[in-house]
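**Q**
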Amino acid sequence: MGQFLIRRTLFMVLVLFVVSVLTFLIFMKLPAGDPARMMAGQRTNAEDLQEIRENLGLDQPFWVQYGRFAKGMIPWPGLWLNEQIYYSYTNNVAVKEEIYPRFPYTFALAIGAAVIWLAVGIPVGVISAIKRRTFADRSSMIIALIAVSAPVFWLAYLFLYLFWFKLGIAPPSGIPSDEGVVQAMITGRFVLPWIVLAAAFAAFYSRMTRGNLIETMGEDYIRTARAKGLPERKVIFKHGLRSALTPVVTMFGMDLGILFGGVFITETVFNIPGLGQYAVRAIGNNDIPAVMTVVTIAAAFIVILNLIVDVLYAVLDPRVRYS
Numbered sequence: 007m008g009q010f011l012i013r014r015t016l017f018m019v020l021v022l023f024v025v026s027v028l029t030f031l032i033f034m035k036l037p038a039g040d041p042a043r044m045m046a047g048q049r050t051n052a053e054d055l056q057e058i059r060e061n062l063g064l065d066q067p068f069w070v071q072y073g074r075f076a077k078g079m080i081p082w083p084g085l086w087l088n089e090q091i092y093y094s095y096t097n098n099v100a101v102k103e104e105i106y107p108r109f110p111y112t113f114a115l116a117i118g119a120a121v122i123w124l125a126v127g128i129p130v131g132v133i134s135a136i137k138r139r140t141f142a143d144r145s146s147m148i149i150a151l152i153a154v155s156a157p158v159f160w161l162a163y164l165f166l167y168l169f170w171f172k173l174g175i176a177p178p179s180g181i182p183s184d185e186g187v188v189q190a191m192i193t194g195r196f197v198l199p200w201i202v203l204a205a206a207f208a209a210f211y212s213r214m215t216r217g218n219l220i221e222t223m224g225e226d227y228i229r230t231a232r233a234k235g236l237p238e239r240k241v242i243f244k245h246g247l248r249s250a251l252t253p254v255v256t257m258f259g260m261d262l263g264i265l266f267g268g269v270f271i272t273e274t275v276f277n278i279p280g281l282g283q284y285a286v287r288a289i290g291n292n293d294i295p296a297v298m299t300v301v302t303i304a305a306a307f308i309v310i311l312n313l314i315v316d317v318l319y320a321v322l323d324p325r326v327r328y329s
């Protein structure tokens with residue numbers, strides 16, 4: 007296992023390097039306009055444009071610009087004052103000075119939604135599999151189908167209308183500037199975003215858990231366990247559910263990466279000052295360094311989660327072995 011972790015970690019570093027280089031190359035070659043002119047405006051002279059290009063490092067070779075971009079993402083406060091840090095094109099502020107204060111909001115939103123969809127989706131799927139073809143099974147699967155089909159932005163506006171505007175039991179969208187992440191969670195400002203973001207995933211996981219558990223309960227080793235006289239509860243939860251959750255773990259690692267797409271919409275609708283809202287504004291302003299940094303952070307998040315999923319595979323399924 008130790009050698010496996012070392013190999014996977016080295017491979018993860020290589021993947022992150024390749025992804026960051028490709029991301030930087032693609033965005034720097036996009037015809038998004040002259041960044042220097044975007045900062046200076048249309049009414050400027052050639053000397054001012056050249057000075058801005060030199061300050062941004064746009065006149066330097068590709069690898070020098072990439073080095074500044076990579077260095078600008080290093081989460082080390084002492085480097086924030088370094089003149090080589092990559093700056094935003096719209097406000098001439100170091101990108102990571104804007105990104106890292108926003109990261110806790112996105113992290114809290116993503117982790118909270120993940121906890122909810124696992125806490126709801128898996129138990130509902132297990133109950134539906136155990137109570138197969140009953141009213142509880144059919145009704146829960148119908149609700150799950152509706153939740154999977156509902157767009158995130160539609161659910162967000164519907165929940166805001168019902169629970170804030172009509173019923174008044176939920177706080178309005180937005181987080182005050184003087185309110186941190188912990189205080190925002192205490193005051194309930196993350197409750198609706200968590201539910202909206204988790205709804206489709208919880209529905210999908212309930213359907214997947216149900217199907218996997220029903221299939222697993224028909225395996226030979228399950229029949230053998232029953233023939234030995236093991237209690238049905240032990241057969242289901244110790245032998246059946248453990249194998250049924252292996253595909254769920256795989257999907258969970260990928261879905262946390264896909265979650266960034268839902269975060270963009272959710273943070274925009276609920277006015278949460280996280281990475282998603284920042285990325286949407288950066289795309290609208292053609293702020294290339296900001297968009298590149300968010301994309302690279304998302305890629306790093308996915309790669310790290312895949313490493314964690316590979317390790318959990320061996321824990322959940324004894325048949326998995328690493329050479």
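In the numbering used here, the protein residues as written are 7 to 329.
All C-beta atoms, glycine included, are put in the ideal place defined by N, C-alpha and C.
What you are looking at is a predicted structure, and each value in this text was computed from that prediction instead of being measured.
Return the Cβ separation of V254 and M214 in integer angstroms, given the expectation that the two are a contact with Cβ distance under 8 Å.
**A** Correct: roughly 6 Å between the Cβ atoms.
**Q** Where do the N-terminal and C-terminal ends of the alpha helix (DSSP H) with V158 fall, by residue?
**A** Unbroken alpha helix (DSSP H) run through V158: 158-165.
**Q** Would you mind working out which of P178, E273, I220, L161 sits nearest S345, comparing C-alpha positions?
**A** Residue 345 is absent from the model: the chain starts at 7 and stops at 329.
**Q** So the candidates are P129, A205, P157, A285; which of them puts its Cα closest to the Cα of F243?
**A** Nearest C-alpha to F243: P129.
**Q** If contact is defined by three or more beta carbon pairs under 8 Å, each pair taking one atom from either stretch, is the stretch 184-193 in contact with the stretch 109-117?
**A** The stretch 109-117 is in contact with the stretch 184-193.
**Q** Report the partner residues of Y93 according to the DSSP bridge assignment.
**A** Per DSSP, A100.
**Q** Less than 8 Å between the CB atoms is what I'm expecting for V269 and G282, so what's the real figure, rounded?
**A** Rounded, the Cβ-Cβ distance is 4 Å, consistent with contact.
**Q** From K234 to Y163, what does the alpha carbon distance come to, in whole angstroms?
**A** Looking at the two C-alpha atoms, the distance is approximately 54 Å.
**Q** Between R13, F30, V158, L11, which has its C-alpha nearest A305's C-alpha?
**A** That would be F30, whose Cα lies nearest to the Cα of A305.
**Q** Taking the alpha-carbon positions, what's the R229 to L247 distance?
**A** About 14 Å.
**Q** Whose CA, out of P182, E185, F165, lies closest to the CA of V176?
**A** Contrary to the premise, residue 176 reads as Ala rather than Val in this sequence. Minimum Cα distance to A176 is reached at F165.
**Q** Go ahead and label V275 buried or exposed: buried means 16 or more other beta carbons lie within 10 angstroms of its beta carbon, across all protein chains shown.
**A** Under this definition V275 is a buried residue.
**Q** Taking P199 as part of the alpha helix (DSSP H), name the residues at either end of that continuous run.
**A** Residues 197-222.
**Q** For the alpha helix (DSSP H) containing F171, name the first residue and the last one.
**A** Premise fails: F171 is in no alpha helix (DSSP H) and is neither H nor E.
**Q** Quick check: the Cα distance between D54 and Q66, rounded to an integer number of angstroms?
**A** Rounded to the nearest angstrom, the two C-alpha atoms are 17 Å apart.
**Q** Thinking C-alpha only, which one of L236, P279, L311 is nearest F258?
**A** Selected option, being the one with the closest Cα: L311.
**Q** Just verifying my parser: in three-state terms, what is the DSSP assignment at I181?
**A** Note: I181 maps to coil in three-state DSSP.
**Q** Going by CA-CA distance only, name the one from V19, Y227, I12 that's closest to F307.
**A** For the residues V19, Y227, I12, the minimum Cα distance to F307 belongs to V19.
**Q** Leaving aside the five residues before and after A296 along the sequence, list all residues of the same chain whose C-beta is less than 6 Å from its C-beta, in chain order.
**A** So the qualifying residues of the chain are S94, V101, A288.
**Q** I314 to Q56, Cα distance in whole Å?
**A** Cα to Cα, the separation comes out at about 47 Å.
**Q** How would you write the range of the alpha helix (DSSP H) that T112 sits in, first residue to last?
**A** Unbroken alpha helix (DSSP H) run through T112: 109-136.
**Q** By the DSSP assignment, the alpha helix (DSSP H) with F141 in it spans what residues?
**A** Residues 141-155.
**Q** So, is the C-beta of R139 closer than 8 Å to a C-beta in chain D?
**A** In the structure shown, chain D does not exist; there is a single protein chain.
**Q** Helix, strand or coil, according to DSSP, for P378 in the structure here?
**A** What is shown of the chain runs 7 to 329, which leaves residue 378 out entirely.
**Q** Ordered along the chain, which non-local residues of its own chain (more than five positions away) have a Cβ less than 7 Å from that of W123?
**A** So the list reads A204, F207, A208, Y211, once near-sequence residues are dropped.
**Q** For S134, count the other beta carbons within 10 Å of its own beta carbon; 16 or more makes it buried, fewer makes it exposed. Which is it?
**A** Result: buried.
**Q** Which residues in the same chain as V21 place their Cβ atom closer than 6 Å to its Cβ, once the five residues preceding and following it in sequence are excluded?
**A** Around V21: V309.
**Q** Would you kindly work out how many angstroms separate the C-alpha atoms of I152 and R239, rounded to a whole number?
**A** Roughly 30 Å between the two C-alpha positions.
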